[in-house]
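Novice:
In the working numbering, the protein residues as written are 1195 to 1297.
(1) Can you list, in chain order, the residues of its chain whose CB lies under 6 Å from that of residue 1264, leaving out five sequence neighbours each side?
(2) I'd like to confirm something about residue 1258: is its beta-carbon nearer than 6 Å to some heavy atom of the ligand ZN, or not?
(3) Check whether the Cβ atoms of residue 1277 and residue 1228 sit closer than 7 Å, and answer yes or no.
(4) Can you say whether residue 1225 is buried or exposed, counting buried as having 16 or more other CB atoms within 10 angstroms of its CB?
(5) Taking Cβ to Cβ, would you say residue 1255 is nearer than 7 Å to residue 1239?
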């Protein structure tokens, strides 16, 4: 049987467990993944429009939605990057100061 397994849509990265990487890194990775997915969807929309599968109206509506999603994702990405930078150089009082000083 040349059957392939089910699509890996549900899987988010390798099942390495929470200890593999700190929460913030996971979050950043998720944000980057969002941006990648948004970009992929945008180019898919262009292809569909090109083929005539969707109307210009639908294309523009979906493009607007994607643009908004991208803005949000990029904004969150920037905030996470800034938070990550800060944590490396100085002890930021984000969660507990005690935790930060130990590492």
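Where a beta carbon is used, it is the ideal one built from N, C-alpha and C, also for glycine.
Specialist: Taking the coordinates as given:
(1) 1232
(2) Within the structure as shown, the ligand ZN is missing, as the structure has no ligands at all.
(3) no
(4) buried
(5) no
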